[in-house]
Structures are given as structure tokens and as C-alpha cells.
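Numbering (the working numbering), first residue to last: 819 to 1274.
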């Protein structure tokens, strides 16, 4: 049995799920009504009572209240929750095959078949305080697959307590640590960013979270209106752009937090102007959780969270923090200056052509800044007969924006050797629900183009 499958040991010290002094609610119902601490724990006990005997569970609940109740119920039974990088059937089946005997938990909105249904409005039952072993594996997160095959990373509840305290510290100056605030999140709770900011923050921090996962701008506005101020919106650049461009008015916000994809500075500035609050961008990964933040509208460098240390390496950056069982090596290359750092791309993204170097991430950023380009990504094709890996741009652009228009703009900021040799047009890039681009989906676009050209 590997580290990712470590189970609670006999005699391990089990502790209450929630701080005994906590009186404020953890959840808001879909209509904004708060769920008391006692009622929340009663519902956790009710779900725990019907769970099968197992070591692992895949939590596919769409509603955030159902997800959190099911997560806590499983933990109280000593079961580890698995968080697949997507709800696609093949992805879920692969994760389940790696953990024989696991079962699927879902709510009414969950896609696909599930073994246990969680009704977040079920009648709770009285009983003892639900207990968990904070040092045993609480969840296993899987990387998104945007840089290759998904990898498993186990997390303990004790580790999450440490990283959540550091996340709260990252909001220092924006939210009063002694005042409860309300969270509305557009990201799924299964994603590690969603887990940290919309599940762990209300479980062990001074917050309560809205039960839903609003998607459209009008739905986000409605959810925010249902919870009391001060309000924190947890979102992604994809959702934030849709909000800004929609013109929908939002209730007063204290802060907007965004992650999962690079946030353009002009979008951050537009959001701050429109909503009258600060936009904090978070930097992290499934492996490390959130490790840094910045106010993107005004700064390009990142500031490390308290308790996080970086050690630049030739092949990436080593991350050290108390919540990690051992240092983690990220592929990101950084230029460190005290507690601040600048990103310099990823080791796998670095290109060397004709003796010149560039980063695929930086080339992608430049492509996305071309007027009329709604979205885009730069990739390298497989080696040709001469062993050369050509650059390809995959683009979703407005009508009337031609290839030469795109190339003309790129020529002003990129060396000619880094201009794309082909531009592939798509209606929309295949981003997942958190805005990431799975590598397999991108590779499929390139392969379809190659087959189409070879058949002509």
C-alpha cells in the first residue's frame, strides 16, 4: 500500500471535525439561509450512517453543500475522498480502477451513475461529534492533465489546516480575521483551488460558503445577493472575463480571488474598476496548494504566503512548507528576490531555436493579447522528417481577423523564429470547467489537422 493510500491506524487520535468553539455556520443553503453548526453536523452523521464499508470514495457532488457534507461524512468513517481531475466517465473510471473497492458518491446534479446519493437537505440525526484522524490522508487530489498524465497527491486534514491559515493570511488587509465572511465560488469543489478556497476555508476558517456553483453572470450575481457581506468571490479568469463583459451588476464585494490560469493585467484592472474591490490572483498547484499571491492589476511579481519557502533549481523550483510531508519540485522557473519572485516559464516550456530561447507560456500570452483573438495557445508539433518541432498557434478569433493580422501583431513582439508556422482555427479552445487546457485535447486538435493535411 503506497503513501497515497495510507489509512487511519488503530489507536490513532481522532478529533472533532469542527472547532468546538465555532458557532458561525459553515454553509448557506441555495436560498441563502445559513445552516447552523449543529444542523450541519447532524446531516454529516446522517450521511455517514448510510455509507458502505470502503477505504475510498469518489465525490462527484455538484452542489457544494452536498460535496462538503459527503466529504465530512466519509472522513468520519475513515474513508479517503478521491478528487478526479474531471467528471468525464473515462477519467473517473481510471481513478476508480487505481483504488479497487472504492465507490462513487453524488447528488441529484451529478453526472453519470453513483452508488450513494447525498441529499444535502436530508433530516439530520443526533449523536456524538463526528471525529476524524487529522494526520491520516483526508483527500487525494489529481493533477489536471494539462501537462501530462494526472498524478496523485495525498493531503491530510492537519496539512490543510496549516495551508488554510496561510490562505487567510494572504487576504490580510482585505478581510477582518475576526469577522465571518461569505464565499461564493464558480469553481468546482473537486479542484484543489476550489477545495482550498470554498471547502477548507469554511470548514476551518472564518467563512461560510454558498451551496451552489453559479456559472453564468446572472447566476453569480444572484448567489452573491443571497449571502451577507463581506463577500468573497472565488473564480477563474474565464468566469471573470464573462462577468466584466456581461455588464451585470454585482452586490458589494470585498475581494475577488482568481486562479487556475494566468490573469491578464488589463482584465484584473477592469474588474477592480467595475466592482470597486481588489482582485487577488493566487499561484499554486495540486501538489503544493496555494503558495503565493499578487494584485495583478498593479504588480507582475508574486509574494510568497507566510510559511512558504522556494529554492530555485536548474530544472524547476523546490517548494518547502510545513503542510507538505516533503519538498515538492515544480517545473516552474522563478527569479527569487527575498519573499517575492517572478515567473520565468516552465522547464518543459522552454524553447531553443536557432540559438535563441523563448517560453511557450510567454508566446501564448502574446498570442492572447492580439486584438480580436478571444483565446489561443501556442504548442509545438511532433518532430518532422528533419527532426524540427514547428510552432503551431491554435486560435479562437473574431470574424475578420485573418492569419496575417495575427502574424503582423506577433512580429512586433516576437523573434521571427518563434512565429507559428501554422494557425489552426477553432470555435473555442477545449478548456475544462476551471479554464485549463488538458494536453490530450490540445494534441487531438493538432493530430486532426495533421491527418486532414496528409489526406489532401
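Even glycine gets a Cβ: it sits at the ideal position worked out from N, Cα and C. Source: prediction; values computed, not measured.
Problem - Cβ neighbour criterion (16 or more within 10 Å) applied to residue 1239 - result: That one is exposed.
Exercise for the section: If I'm right that residue 948 touches residue 1026 with Cβ under 8 Å, what's the distance once you round it to whole angstroms? Expected result: That pair is no contact at about 18 Å.
Problem - Pairwise C-alpha distance: residue 1114 and residue 1089 - result: Answer to the nearest angstrom: the Cα atoms are 11 Å apart.
Problem - Cβ pair count under 8 Å reaching 3, the segment 886–894 against the segment 854–873 - result: Taking a cut-off of 8 Å for Cβ pairs, the segment 886–894 and the segment 854–873 touch, as three or more such pairs fall below it.
Handout entry: Simplified DSSP state of residue 1278, which is helix, strand or coil
Key = Since the first residue shown for the chain is 819 and the last is 1274, residue 1278 is missing from the structure and cannot be characterised.
Practice task
Have a look at 952, 1041, 914, 992 and flag the residue whose alpha-carbon is nearest the alpha-carbon of residue 1066.
Solution key: Of the listed residues, the one whose Cα sits closest to residue 1066 is 1041.
Exercise for the section: Output the boundary residues of the beta strand (DSSP E) element that contains residue 1211. Expected result: Segment 1209–1215, the beta strand (DSSP E) holding residue 1211.
Handout entry: Backbone CA spacing between residue 1045 and residue 846 [nearest angstrom]
Key = Rounded to whole angstroms, residue 1045 to residue 846 spans 7 Å at the Cα level.
Handout entry: CB of residue 1087 within 8 Å of CB of residue 1069, strictly
Key = Not closer than 8 Å, so no.
Handout entry: Limits of the unbroken beta strand (DSSP E) element including residue 1123
Key = Per DSSP, residue 1123 lies in no beta strand (DSSP E) and is assigned neither H nor E.
Exercise for the section: Might you give, ordered along the chain, the residues of its own chain that have their beta carbon closer than 6 Å to the beta carbon of residue 1079, omitting 5 neighbours on each side? Expected result: Excluding residues within five positions, the ones whose Cβ falls inside 6 Å are 1055, 1253.
Practice task
Determine the burial state of residue 849: buried for a count of at least 16 other Cβ atoms within 10 Å of its Cβ, exposed for fewer.
Solution key: Classification for residue 849: exposed.
Exercise for the section: Evaluate contact between the segment 993–1012 and the segment 1111–1131, counting only Cβ atoms and requiring at least three cross-stretch pairs below 8 Å. Expected result: Pairwise C-beta distances place the segment 993–1012 out of contact with the segment 1111–1131, as fewer than three of them are shorter than 8 Å.
Handout entry: Cβ contact (3+ pairs, closer than 8 Å) linking the segment 1149–1156 and the segment 1008–1016
Key = Inter-segment contact for the segment 1149–1156 and the segment 1008–1016 is absent: fewer than three beta-carbon pairs are separated by less than 8 Å.
Problem - Separation of residue 890 from residue 976, as counted between CA atoms - result: So the alpha carbons of these two residues sit roughly 14 Å apart.
Handout entry: residue 863, enclosing alpha helix (DSSP H) - first and last residue
Key = For residue 863, the uninterrupted alpha helix (DSSP H) run begins and ends at 855–866, by DSSP.
Problem - Inside the segment 1024–1095 only - beta strand (DSSP E) runs reaching at least 3 residues - result: Listed in chain order, they are 1025–1028, 1049–1053, 1073–1076.
Exercise for the section: Give the DSSP bridge partners of residue 971, in chain order. Expected result: Note: residue 971 sits in a beta bridge opposite 959.
Handout entry: Per DSSP, cross-strand counterpart(s) of residue 1101
Key = The partner list for residue 1101 (beta bridge, DSSP) reads 1110.
Practice task
Using 10 angstroms around the beta-carbon of residue 1143, count the other beta-carbons present and answer buried if the total reaches 16, otherwise exposed.
Solution key: By the Cβ neighbour-count rule, residue 1143 is exposed, with fewer than 16 other Cβ atoms within 10 Å of its own.
Exercise for the section: Pick out the complete beta strand (DSSP E) segments inside the segment 922–950, 3 residues or longer, and give them in chain order. Expected result: Fully enclosed beta strand (DSSP E) runs of 3 or longer: not present.
Exercise for the section: Output the boundary residues of the beta strand (DSSP E) element that contains residue 1134. Expected result: Per DSSP, residue 1134 belongs to the beta strand (DSSP E) from 1134–1139.
Exercise for the section: Note down the Cα distance separating residue 1098 from residue 1235, rounded to an integer number of angstroms. Expected result: Each residue's alpha carbon lies about 35 Å from the other.
Handout entry: CB of residue 1225 within 8 Å of CB of residue 1196, strictly
Key = Against a cut-off of 8 Å, the Cβ pair of residue 1196 and residue 1225 comes out as no contact.
Exercise for the section: Assess, as a yes-or-no matter, whether the segment 1240–1250 is touched by the segment 1205–1218 under the definition of 3 or more beta carbon pairs within less than 8 Å. Expected result: With a cut-off of 8 Å, the segment 1240–1250 and the segment 1205–1218 count as touching, because enough Cβ pairs lie within range.
Problem - Residues near residue 937 in its chain [Cβ-Cβ closer than 8 Å; skip 5 each side] - result: Counting only Cβ-Cβ distances below 8 Å, and skipping sequence neighbours, we find 884, 925, 926.
Problem - Of the residues 1023, 1064, 905, the one placed nearest residue 835, counting alpha carbons only - result: Of the listed residues, the one whose Cα sits closest to residue 835 is 1023.
Practice task
Indicate, with yes or no, if the ligand MG has a heavy atom lying under 7 Å from the CB of residue 1126.
Solution key: Looking at this structure, you won't find the ligand MG or any other ligand, since it has none at all.
Problem - Residue ranges of each alpha helix (DSSP H) within the segment 994–1022, 4 or longer - result: Whole alpha helix (DSSP H) segments, 4+ residues: 1010–1013, 1019–1022.
Practice task
Pull up the distance between the alpha-carbon of residue 978 and that of residue 1028, whole angstroms please.
Solution key: If you take the alpha carbons of residue 978 and residue 1028, they lie about 20 Å apart.
Exercise for the section: Look up residue 1196 in the DSSP assignment and give the residues it is bridged to. Expected result: Beta-bridge analysis with DSSP links residue 1196 to 1211.
Problem - Beta-carbon proximity of residue 992 to residue 1073, cut-off 8 Å - result: It is a contact, given that the beta carbons lie within the stated cut-off.
Problem - Buried or exposed by the 16-neighbour rule on C-beta atoms within 10 Å, applied to residue 851 - result: Around the beta carbon of residue 851, fewer than 16 other beta carbons sit within 10 angstroms, so the residue counts as exposed.
Handout entry: Enclosing beta strand (DSSP E) for residue 1240 [first to last residue]
Key = Here the beta strand (DSSP E) through residue 1240 covers 1240–1243.
Exercise for the section: On a CA-only basis, which of 983, 905, 863 is nearest residue 945? Give me that one, please. Expected result: Looking at the Cα atoms, 863 is the closest of the given residues.
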